[in-house]
Structures are given as C-alpha cells and as structure tokens.
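Per this note's numbering, the sequence shown starts with residue 1, numbered consecutively.
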Amino acid sequence: MDINTLRALATPIAFVAFIGICFWAYSKGRKKDFDEAANLPFADDDMHDGAQRNESVEKDK
C-alpha cells in the first residue's frame, strides 16, 4: 500500500464526514440549540450590566 492508495481512501472518507456534518448542522432538531448559542453573547452583556448595577448600589450604601 503506497501513499496514493491512502490518498484515494482518505478522499471519500473525508467527503462522507463533511456531508454528515452538514446534515447534522442543518437538521431541524439542532435549530433551537444553535439559536440559543447565537444569543449567548447578548446574555453575557445582560449579566455583566446587572453586576455593574449591583456594585454601584453597594458603593452608594
């Protein structure tokens, strides 16, 4: 078995893996999870703003 045989085997295996990942990523069952993950940066900002407000209230006391 030489390097060209390994290359010939690796190409269709990589293609099948790519198609599998595409089906997984675009399946309807994953939409909710991806939408939730897309909104995580905004949720972090809300938490950070709330922490700053709490600190300013404690300093005023």
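Think of the CB as a built atom: it goes at the ideal place given N, C-alpha and C, for glycine as much as any other residue.
Bounds of any alpha helix (DSSP H) do not take in Asn39, whose DSSP letter is neither H nor E. For Lys28 and Leu6, the gap between their C-alpha atoms comes out near 35 Å.
Across the structure, Ala37 and Asn4 are spaced so that their CA atoms are roughly 41 Å apart.
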